[in-house]
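This report concerns only the one structure given below.
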Amino acid sequence: MKMNNKLIAAIIVIIIAMIAVGAYAMNGGFQDKQVLRVSTTTSLEDTGLLDSVEAAFEKEHPNIDVQFVSAGTGIALKYAEKGDADMVIVHDKKKEQQFIEDGYGTKRYPFAYNYFYIVGPANDPAKIKGMTNATEAFKKIMQTGESNSSVKFVSRGDNSGTNSRELKIWNNTKANYNSSINGSSWYIETGKGMGDTLTIANEKSAYTLSDSGTYLAFKGNITLVPYLTTGKDLLNVYSAIPVNPEKIKGTNYNASMEFVNFLLSTEGQQLIGNYGKEKYGQPLFIPLYGKSEPT
């Protein structure tokens, strides 16, 4: 008995479909996907680095779905403490160490660094151009802000790593932050991430403290210029910390360590070290693994 053309065509379609399904399954298409929840800083989110890292990692680990939640470092750590994250990627060493001492984190893995920048309007009303000490620059901004209405400083005011560094520099000036700085007419808090804070500072022709990566990523859309870009007070180290599964039950520790290993791998470090070169003319981050943590 001869089969008609429609039946032959149907059989061919079924065979092709079975082959495709088999190939998909062999390549992990039917593996159960794990979710890796990462709470991280807005500065890493705003630069776009995380998108590149996620794509490269998931290509090697198709069974892991990385989900980022960005906030200031303080909030990112709180997410993890409440069990809403499997790992954190942040940049405030003091808070990171406390997070580990309190039992929430297993170990700190520094993987990259850059510097905070003190940026401001091109006309430099506080006259900080040429200064090399961040504390002295902040003191000059404060002193001139008290008598010159054109001098403004915009703070994130969000308990982020950047905000913590800003407060540390203000503290170094020996001024009383609560009575002499916070609440002053020249001092503005945004309560927002780095990208938004840069935009607001630009609109107000104000000074601000920014991580260099976010500043370079936003440089084409703002007119603020960098005045201080290096130095011990401006060093900015990024670390990954898996959440302790003994402290927070249900944490995906294995996936966290897979992500840490990728960040510290040759491929991960090259990706980080090359990120931004083509678009911004210079890398936004300096790879750190295998080197002593800069101080």
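Numbered per my numbering, the sequence shown finishes at 331, counting up by one with no gaps. Every residue gets a Cβ at the ideal spot worked out from N, C-alpha and C, and that includes glycine. The structure displayed is predicted, hence computed values, not measured ones.
Query, Result
"If you draw a straight line from the alpha carbon of T83 to that of A107, how long is it in whole angstroms?", "14 Å"
"For Q103, which residues from the same chain have a beta carbon less than 8 Å from its beta carbon, with the 5 sequence-adjacent residues on both sides left out?", "V71, L72, R73, V74"
"Taking the alpha helix (DSSP H) that N199 belongs to, which residues open and close that run?", "197-208"
"Quick one: what's T244 bridged to in DSSP?", "V155, V190"
"Is the beta carbon of K283 sitting closer than 9 Å to the one on Y140?", "yes"
"Looking only at its chain, what residues have a beta carbon closer than 7 Å to the beta carbon of T233, apart from the 5 residues adjacent to it on each side?", "V190, R192, T226, T244"
"Looking at the strands, I want to know which residues DSSP matches up with V71.", "D101"
"Considering just the uninterrupted stretch of the beta strand (DSSP E) at L264, what are its terminal residues?", "261-264"
"From T76 to G181, what distance separates their C-alpha atoms?", "33 Å"
"Helix, strand or coil for E329? Go by DSSP, reduced to three states.", "coil"
"Determine the DSSP secondary structure at F66, reduced to helix, strand or coil.", "For F66, the predicted structure reports a pLDDT of 47, less than 50, and the residue's modelled location is therefore unreliable. A value from the coordinates is still provided. If DSSP states are grouped into helix, strand and coil, F66 belongs with coil."
"For the alpha helix (DSSP H) containing M178, list its first residue and its last residue.", "170-183"
"Given a threshold of 16 other Cβ atoms within 10 Å of its Cβ, counted over all protein chains shown, does A91 qualify as buried or as exposed?", "exposed"
"Going by Cα to Cα distance, which pick from S185, A148, R144, K129 is closest to T198?", "K129"
"What first and last residue would you give for the beta strand (DSSP E) that runs through N297?", "No beta strand (DSSP E) contains N297, which is instead part of the alpha helix (DSSP H) from 289-300."
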